[in-house]
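The next block holds one structure in the form of structure tokens; read it before the comments.
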Amino acid sequence: MPAILKKRQTWLLKTEPSTYSFKNLLKDKQTNWNGVRNYQARNNLKKMTIGDLALIYHSGDEKAVVGISKVISEPYPDPDAQGGDWVQVDLIVFKAFEKPVTLSEIKATQSLKELALIKQSRLSVMPVVEAHAEILLKMGKTDEN
DNA sequence: GCCAACGTTGGC
DNA sequence: GCCAACGTTGGC
């Protein structure tokens, strides 16, 4: 098991790159992941803890996992939410994938067929089990041992 | 541009 | 509580 995965939950966060991309995160170094307004995604956000990894997926034209970020805060209320129990977390950029892992590659990989990204294409915040995280990191040529 | 897969809203 | 209508996301 890559050292990077030890004792960490891995998540996958979807974003439309024209709204906020991994490049923006590379520039900003840190961001607050806000605006989630879906209960299931919110419930996943609430389970995040400091030190967790979050893979960033670009929807739309790119359709690929492009990099890794790290969760650096506990979930806390999203100030933009007008009422309702919505949260956000703070992220820092961790590492860009050397090679983006495309949706078509993921779909073509038998061992990833249970990934929520495939099974529940509209969910924007989802857990990634360790076995899947290992495979994705390997496919992205992100050597973190 | 279309459509599948949701999620939400509102009438009943 | 059900369901039709509508809205949104996101892949193709």
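When you read off a place in the first sequence, starting at 1, and then add 4, the result is the number in the working numbering.
The beta-carbon is built from N, C-alpha and C at its ideal position, and this holds for glycine as well.
Computed from a predicted structure; not experimentally measured.
Query - Cutoff 8 Å; reference N5; Cβ partners in own chain excluding five residues on either side - result: For clarity, residue 5 is Met in the given sequence; the question names Asn instead. Excluding residues within five positions, the ones whose Cβ falls inside 8 Å are E134 and E138.
Query raised in the report: Mind pulling the beta strand (DSSP E) runs of 3 or more residues that sit fully within the segment 21-74?
Result: Within the segment 21-74, the runs of beta strand (DSSP E) that reach at least 3 residues and sit entirely inside it are, in chain order, 34-37 and 57-62.
Query raised in the report: Which one of K99, F101, Q124 and A100 has the shortest CA to CA distance from K111?
Result: Q124 is the residue among K99, F101, Q124 and A100 whose C-alpha sits nearest the C-alpha of K111.
Query raised in the report: For N28, is the classification buried or exposed, using 16 other Cβ atoms within 10 angstroms of its Cβ as the cut-off for buried?
Result: Of the residues assessed, N28 falls on the exposed side of the cut-off, its CB having fewer than 16 other CB atoms within 10 angstroms.
Query - Every unbroken beta strand (DSSP E) within the segment 91-116, with a cutoff of 3 residues, ordered by chain - result: Within the segment 91-116, the beta strand (DSSP E) runs of at least 3 residues that lie entirely inside it are, in chain order, 91-106.
Query raised in the report: Buried or exposed: where does D56 fall if 16 or more other Cβ atoms within 10 Å of its Cβ makes it buried?
Result: Counting C-beta atoms within 10 angstroms of its own C-beta, D56 has 16 or more neighbours from the protein chains shown and is therefore classed as buried.
Query raised in the report: With L95 and T35 assumed to form a contact (beta carbons below 8 Å), what rounded beta-carbon distance in angstroms separates them?
Result: Their Cβ separation, rounded to whole angstroms, is 6 Å, which keeps L95 and T35 in contact under 8 Å.
**Report entry** With 16 other Cβ atoms within 10 Å as the buried cut-off, status of G88
**Finding:** With fewer than 16 other Cβ atoms from the protein chains shown falling within 10 Å of its own Cβ, G88 counts as exposed.
**Report entry** Contacting residues, own chain, Cβ-Cβ under 7 Å from M52 (five flanking each side not counted)
**Finding:** Hits under 7 Å: W15, V75, P79 and V93.
Query raised in the report: So what's K10 in DSSP terms, helix, strand or just coil?
Result: In the structure shown, the three-state DSSP call for K10 is coil.
Query raised in the report: Excluding sequence positions up to five away, which residues of its chain have a Cβ less than 7 Å from the Cβ of N38?
Result: The residues are D82, D84 and Q92.
Query raised in the report: In the structure shown, what three-state DSSP assignment does L140 receive?
Result: Helix at L140.
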